[in-house]
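Protein chains: 2
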Amino acid sequence: VRALVFDGKLTFRDDYPLPRRNRGEALLRVKIAGICNTDIEILRGYMDFSGVPGHEFVAVVEDADRPELTGKRAVGEINIGCGVCDYCRMGLKNHCKDRSVLGIYQKDGAFAEYLTLPVENLHILPDSITDEEAVFVEPLAAAFEVLEQINIGPAHRVCVLGDGKLGLLVAQVIHSTGCTLKVVGRHEHKLSILRDQGIETSIASDFSEKGFDVVVDCTGTDSGMSTALDIVRPRGTVVLKTTIAHRSQVDMNRIVIDEITLVGSRCGPFLRAIEAIRTGMVRLTPLISARYSIDEGIKAMEHASERGVLKVLMYMSH
Amino acid sequence: VRALVFDGKLTFRDDYPLPRRNRGEALLRVKIAGICNTDIEILRGYMDFSGVPGHEFVAVVEDADRPELTGKRAVGEINIGCGVCDYCRMGLKNHCKDRSVLGIYQKDGAFAEYLTLPVENLHILPDSITDEEAVFVEPLAAAFEVLEQINIGPAHRVCVLGDGKLGLLVAQVIHSTGCTLKVVGRHEHKLSILRDQGIETSIASDFSEKGFDVVVDCTGTDSGMSTALDIVRPRGTVVLKTTIAHRSQVDMNRIVIDEITLVGSRCGPFLRAIEAIRTGMVRLTPLISARYSIDEGIKAMEHASERGVLKVLMYMSH
């Protein structure tokens, strides 16, 4: 089958083996995959991954133990737990020590015509959600994870740092709480997508507000964290949404003296994301920068790596 | 009056001016002061402080606007707010941007025969608390701050890193919650103080447990934080109790991937500390390593800086 394969370097292949599903898994035919910053980090060596990257997708079930699933359109949670450890039994397979992660760690991912995933990871989509919207379920769920972890409401002043793909999703999700929100970024054309939804924005170089109750760092940069500590109020909360390639120098004394709470945040609730798309709570199509066929996948990855580019989609059909 | 004065170097003086109390302040005659690690850091340049250090004390009110306070024995909260900002009005003077801090920032402290402090900062002591116990109210309150910030109960596995003065207080406070507690340190004679109270301890080099719900870093070292991240469970909480002199290299990706919550923790509730001493919940006198007169204050500071030494007290009377 056709696939993008990374083994230190990225290649397009049309002879990659069809994945075999194990018991409990479904075989899925991928319709569209989305390129995430994590995929770009993987090409730079993140997680020492080799295989097929890609973890944002919409697909059709080709085969599963439960035949009624065949032909259904689905998205899938990306963490595959061992199923027997304490975390898996508590429903926290995202934190299983022996987990594999679709397209990120020891499991071939979505930049291919087919993938396999445990049936319990799948969410069947309502017809009212388009394929292109469905590709955003995974990153949108990650955005909703912030609201699962901390309380944000109308009384709070919140700042989102970063106007990348994840920042724009996090901003929309946080805007839904009715809080006072300011989004700080570097790209006027990205911030304008949020302004169209009534969200206040600032260009980073013009921004000098302080005293936020909550700051969400979606910059994916080394400096995001220190900016966040500069602008959060004493006893406020800083949420870290993005991994970065190298270790950061952090002023831990500031965290102690100002009694700041720092919260790491990763994968989130798919059901909440699907419901938000179904009800029109978020606007996703303005975030699509380009569409490619998998045959042009290498070009698609290059495009996605360019500064200022938002979501790049890969279509698996010819 | 007699005082230890720091202006880049520490000197003992017997001609330091008697502090004048402003309106709303009390003049206090110090009986005993305790030496904290922060005082040692101040001698190394922390906070660029100059003046009289010292912020742990028990004293007698000499003079105040309310004459009924005169002669009463008191301890005092160390943060002096501006009184008019939002934080002060919310009762969070500990986080006032314009605060001074007794013996730490722009306010002469307790290594002197007399100090002044706003009356609202004072807590009059019950007779059943001894002077030497009372000197521990301030650091014990800082230990209780952990329980003000996060929920710890019998279902939790908690690890305290560090067997210094603060670590031993934090350990006793956390032990009172009924949680499963392990304290990790480097000094057998310090850990034995805790074992006498039924608290489990480990020497750091023998310690390899992981998966704690909560880890409290009281090491005051650069490596405490990374050890804490190593042994906390996914979605667990790391509490930072100590400031360190320089910035740390921290693996922020770990915080994101494991969705760890990091909580900075500083000054705490005096009333809770006083009550814990009054009811015998904590044992403090085993933590006293040495007693000096203020006349030998420089020697006292040197002693307190030695490895393995716990609380060093300074008596102000001849």
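Taken in sequence, the protein lines are chains S and Z.
For the first sequence, the numbering used here assigns the number 1 to the initial residue and increments by one for each residue that follows.
For the second sequence, the numbering used here assigns the number 1001 to the initial residue and increments by one for each residue that follows.
Glycine included, C-beta positions come from ideal geometry on N, C-alpha and C.
Rounded distance between the beta-carbons of residue j and residue i, thought under 8 Å
i: Glu1145/Z; j: Gly1034/Z; result: The Cβ separation is near 17 Å, so there is no contact.
i: Ala232/S; j: Val170/S; result: The residue you asked about is not Ala; residue 232/S is Val in the sequence shown. With a Cβ gap of about 16 Å, Val232/S and Val170/S do not count as contacting.
i: Ile124/S; j: Lys190/S; result: At roughly 32 Å, the Cβ-Cβ gap does not stay under 8 Å, so Ile124/S and Lys190/S are not in contact.
i: Asp1213/Z; j: Arg1157/Z; result: 5 Å
i: Ala3/S; j: Val52/S; result: 5 Å
i: Val173/S; j: Val58/S; result: About 20 Å separates the two Cβ atoms, so there is no contact after all.
Test: residue i CB closer than 8 Å to a CB of chain S
i: Thr1261/Z; result: yes
i: Gly1264/Z; result: yes
i: Arg1029/Z; result: no
i: Arg1235/Z; result: yes
i: Met1252/Z; result: yes
Residue i versus residue j - alpha carbon distance
i: Thr1219/Z; j: Val1137/Z; result: 20 Å
i: Met1047/Z; j: Ala273/S; result: 47 Å
i: Gly969/Z; j: Glu25/S; result: As shown, chain Z starts at 1001 and ends at 1318. That puts residue 969/Z outside it, with no answer to give.
i: Ile199/S; j: Val183/S; result: 8 Å
i: His1187/Z; j: Ile1203/Z; result: 7 Å
i: Met301/S; j: Ile288/S; result: 14 Å
i: Ser317/S; j: Gly308/S; result: 27 Å
i: Pro118/S; j: Met1252/Z; result: 30 Å
i: Arg235/S; j: Gly1091/Z; result: 13 Å
i: Ile1104/Z; j: Asn151/S; result: 34 Å
i: Glu56/S; j: Gly297/S; result: 14 Å
i: Lys1210/Z; j: Ala1228/Z; result: 9 Å
i: Leu1043/Z; j: Ser1050/Z; result: 9 Å
i: Asp258/S; j: Asp230/S; result: 11 Å
i: Leu1271/Z; j: Gly1008/Z; result: 35 Å
i: Phe12/S; j: Ala142/S; result: 29 Å
i: Arg99/S; j: Gly185/S; result: 34 Å
i: Ala1064/Z; j: Thr237/S; result: 39 Å
i: Asp196/S; j: Val282/S; result: 12 Å
i: Met1314/Z; j: Lys1241/Z; result: 24 Å
i: Glu1306/Z; j: Glu120/S; result: 58 Å
i: Arg1291/Z; j: Val1312/Z; result: 6 Å
i: Val84/S; j: Lys1107/Z; result: 58 Å
i: Arg89/S; j: Val75/S; result: 23 Å
i: Val160/S; j: Ala110/S; result: 29 Å
i: Ile78/S; j: Val1101/Z; result: 50 Å
i: Ser205/S; j: Glu1148/Z; result: 38 Å
i: Asp15/S; j: Leu115/S; result: 14 Å
i: Leu320/S; j: Ala155/S; result: One cannot answer for residue 320/S here, as it falls past the ends of chain S, which runs 1 to 318.
i: Val1005/Z; j: Ile1040/Z; result: 13 Å
i: Ile255/S; j: Leu262/S; result: 8 Å
i: Val30/S; j: Phe1207/Z; result: 48 Å
i: Arg1020/Z; j: Leu1027/Z; result: 7 Å
i: Ser1223/Z; j: Ala1304/Z; result: 22 Å
Closer than 8 Å to chain Z by CB, residue i
i: Leu240/S; result: yes
i: Gln249/S; result: yes
i: Ile80/S; result: no
i: Arg20/S; result: no
i: Val319/S; result: This structure cannot speak to residue 319/S, because chain S is shown only from 1 to 318.
i: Thr243/S; result: yes
i: Asn121/S; result: no
i: Tyr315/S; result: no
i: Tyr292/S; result: no
i: Tyr87/S; result: yes
Contact with chain C by residue i, beta-carbon distance below 8 Å
i: Thr285/S; result: Looking for chain C here will not work: the only protein chains present are S and Z.
*What residues in the region 1093–1106 of chain Z have a beta carbon less than 7 Å from any beta carbon of chain S?*
His1095
*Members of the region 213–233 of chain S near chain Z, C-beta cut-off 7 Å*: Met225
*Return the chain-ordered ranges of every alpha helix (DSSP H) run that is complete within the region 1047–1126 of chain Z and spans a minimum of 4 residues.*
1086–1089
*Considering only residues of the region 1194–1281 of chain Z, which uninterrupted beta strand (DSSP E) runs meet the minimum length of 3 residues and lie entirely inside it, listed in chain order?*
1200–1203, 1212–1217, 1232–1240, 1248–1250, 1261–1264
*Using a Cβ-Cβ cut-off of less than 8 Å, give me the residues of the region 146–178 of chain S that come near chain Z, in sequence order.*
Gln149
*When you check each C-beta in the region 1032–1043 of chain Z against every C-beta of chain S, which residues fall closer than 7 Å?*
none
*Where are the beta strand (DSSP E) runs, 3 residues long or more, that stay fully inside the region 1150–1187 of chain Z, in chain order?*
1157–1161, 1180–1185
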